[in-house]
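The structure appears right after this line, and notes come after that.
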Amino acid sequence: MARMQPGIAAGRLGAEALSENFSDLHPPLDAHEARVAADRCYFCHDAPCMVACPTSIDIPMFIRQIATGTPEAAARTIFDQNILGGMCARVCPTETLCEEVCVREVAEGKPVIIGQLQRYATDVLMAKATHPYTRAAATGKTVAVVGAGPAGLAAAHRLAMKGHDVALFDARQKGGGLNEFGIASYKSTNDFAQAELDWLLKIGGITPHYGKKLGAGLTLESLQAEYDAVFLSIGLAGVNALAVPGHDLDGVQDAVEFIATLRQTKDLSTLPIGRRVVVIGGGMTAIDAAVQAKLLGAEDVTLAYRRTREDMGASRYEQDLAASHGVNLLFNAAPRAITGSNKVEAIELDRTDAKLKPTGEVTTLAADQVFCAIGQTLLGAPEGLEIERRKIVTDTRGRTSLAGVWAGGDCALGGEDLTVTAVAEGRDAAEDIHRALS
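When you line the sequence shown up against this note's numbering, it's residues 133 to 570, in that order.
Shown next, in the form of structure tokens:
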């Protein structure tokens, strides 16, 4: 069998193989499959799945509505709490949230497939020509939402529904944030993030302004002067640097940038990928980068994490997903140095103990591409905001240390860095903004 082309190269796989590799991770349910799956639900009183949902969706209610053949009503139940319920159904780690505490899971080891049922219901309603929500009477108030990711979109929709006029700013040339640029392609296919954005904007009263970055011609002071309230959902644009020798060699790349480029590449056969790839990190970004490197045709992919399997930010389900795609998972392995002459040729990894101290054992892996997924950080926070652990400090309502300024999503301190959590924070901040403006 012929060996793969060495180094970083495009076109490792043909169009047919790439299309299959990046197809839907979980194909959608049809109406019959959805009703059969819904019939497994016990419709619990004080349902643990509802408690586990960061957006508090009435899960037993929407599943009962599916079971009775009214998926549009089920979707309304979902969207009332989570206007991005379609995307969350695709990317939410249900295995560690609602499905983990499902009574069926506890008793039988097989939960009700809540995420797939949520996708079925939301897809049905989103296919309708009209938006399911209408705006309240105009309040005459205006709100600036900075960041068109999950938190910003949830806040903008809720504020528009309350009758406020929303100016939606984003540094990129299109909205969607993490949903558009940061999620594995096989989890969100067919340009769903943009379709969901277009659908959400049908509420009216939201005016997008793309290519507008806070700190580059757009200041918090000017927004405060022009608008009645400001909501910051600027995400974490900075990435932590890999501070080891060789970090600047050709072939070392930020995993976030890799995923964003992949998401925006129409012809994946043009996207270069290494033959031997090493991903540094233990969160969802690391998993997504590793799996997609394998799907692009990398021969050997290793994910190296400095702590134990149990310490990984990515769930066991995601770890197993990576392993099922042929990704090698290496634990207690911290990068020591990246070596090569101008370009990556190998990476040295220290074996670590329970305190992350090197044990003296060193593993060397041949590599021609290294992706770094070791965390992100807040960039360019406006003056006057209280910052802690490189995030914006807010109270339980999303209020910051500046009057008239709220924040939510990944840029705000507290909570998990999940799409569903960001949606909840955006929604709740919008409700508080509405109360303040009223």
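Quick reminder that beta carbons are idealized off the backbone N, C-alpha and C, glycines included.
In the DSSP assignment, what are the bridge partners of A387?
-> Looking up residue 387 in the sequence shown gives position 255. Answer is none; A387 lacks a bridge partner.
Assuming S155 and Y318 form a contact by the criterion Cβ under 8 Å, report the distance between their Cβ atoms to the nearest whole angstrom.
-> In the sequence shown, residue 155 corresponds to position 23, counting from 1. In the sequence shown, residue 318 corresponds to position 186, counting from 1. That pair is a contact at about 7 Å.
A221 versus P180 - alpha carbon distance | Residue mapping note: residue 221 aligns to position 89 of the sequence shown, counting from 1. Residue mapping note: residue 180 aligns to position 48 of the sequence shown, counting from 1. If I take the Cα positions, the gap works out to 18 Å.
To the nearest angstrom, report how far apart T551 and I366 are at their CA atoms.
-> Along the sequence shown, read from residue 1 onward, the residue named residue 551 stands at position 419. Along the sequence shown, read from residue 1 onward, the residue named residue 366 stands at position 234. If I take the Cα positions, the gap works out to 14 Å.
Who pairs with Q508 in a beta bridge, going by DSSP?
-> In the sequence shown, residue 508 corresponds to position 376, counting from 1. Partner(s): V371.
Straight-line Cα distance separating C543 from D527 | What you label residue 527 is simply residue 395 of the sequence shown in a count that begins at 1. What you label residue 543 is simply residue 411 of the sequence shown in a count that begins at 1. Approximately 13 Å, taken between the alpha carbons.
Where do the N-terminal and C-terminal ends of the beta strand (DSSP E) with R522 fall, by residue?
-> The count along the sequence shown starts at 1 and reaches residue 522 at position 390. That residue, R522, is in no beta strand (DSSP E); it is neither H nor E in DSSP.
Would you kindly work out how many angstroms separate the C-alpha atoms of D482 and A498, rounded to a whole number?
-> For the purposes of this step, residue 482 is taken as the residue at position 350 of the sequence shown. For the purposes of this step, residue 498 is taken as the residue at position 366 of the sequence shown. Distance between the alpha carbons of D482 and A498 is about 15 Å.
Tell me, to the nearest whole angstrom, how far the beta carbon of L583 is from that of H296; I am working on the premise that it is less than 8 Å.
-> Past the edges of the chain, shown from 133 to 570, lies residue 583, and the structure says nothing about it.
Can you tell me where the beta strand (DSSP E) with V298 in it begins and where it stops?
-> Locating residue 298 in the sequence shown gives position 166, counting from the first residue. Residues 297 to 302.
C-alpha distance - I524 paired with F503, whole-angstrom precision = What you label residue 524 is simply residue 392 of the sequence shown in a count that begins at 1. What you label residue 503 is simply residue 371 of the sequence shown in a count that begins at 1. So the two alpha carbons sit approximately 28 Å from each other.
Using a Cβ-Cβ cut-off of 7 Å (strictly less than) and excluding sequence neighbours within five positions of I506, which residues of its own chain qualify?
-> In the sequence shown, counting from the first residue as 1, residue 506 sits at position 374. Within the same chain, I506 has close Cβ partners N372, L374, I412, G413.
Output the distance between the C-alpha atoms of C230 and R522, rounded to the nearest integer angstrom.
-> Taking the first residue of the sequence shown as 1, we reach residue 230 at position 98. Taking the first residue of the sequence shown as 1, we reach residue 522 at position 390. Looking at the two C-alpha atoms, the distance is approximately 30 Å.
By the 10 Å Cβ neighbour count, where 16 or more other Cβ atoms means buried, how is I246 classified, buried or exposed?
-> Indexing the sequence shown from 1 puts residue 246 at position 114. Burial call: buried.
Sequence-distant residues of the same chain with beta carbon closer than 7 Å to E480, five excluded per side = Within the sequence shown, numbered from 1, the residue matching residue 480 stands at position 348. Around E480: R468, A469, T471, V494, T496.
To the nearest angstrom, report how far apart R567 and E148 are at their CA atoms.
-> Locating residue 567 in the sequence shown gives position 435, counting from the first residue. Locating residue 148 in the sequence shown gives position 16, counting from the first residue. Each residue's alpha carbon lies about 53 Å from the other.
Through-space distance from P192 to Y174, alpha-carbon basis | Locating residue 174 in the sequence shown gives position 42, where the first residue counts as 1. Locating residue 192 in the sequence shown gives position 60, where the first residue counts as 1. In a straight line, the C-alpha of Y174 is about 8 Å away from that of P192.
For V223, collect the residues of the same chain with a Cβ closer than 7 Å to its Cβ; drop the 5 residues on either side in sequence, then sort them by chain order.
-> Locating residue 223 in the sequence shown gives position 91, where the first residue counts as 1. Hits under 7 Å: I315, K319, S320, T551.
May I have the straight-line CA-CA distance separating M133 from S473, to the nearest angstrom?
-> Your numbering for residue 133 matches position 1 in the sequence shown. Your numbering for residue 473 matches position 341 in the sequence shown. Summary for M133: the model assigns pLDDT 34, below 50, so the residue's position carries little reliability, and this model does not support an answer.
Taking three-plus beta-carbon pairs below 8 Å as touching, is the stretch 252 to 260 in contact with the stretch 195 to 207?
-> yes
Looking at the structure shown, is G406 part of a helix, part of a strand, or coil, going by DSSP?
-> Here residue 406 is taken as the residue at index 274 of the sequence shown, counted from 1. Three-state DSSP puts G406 in a strand.
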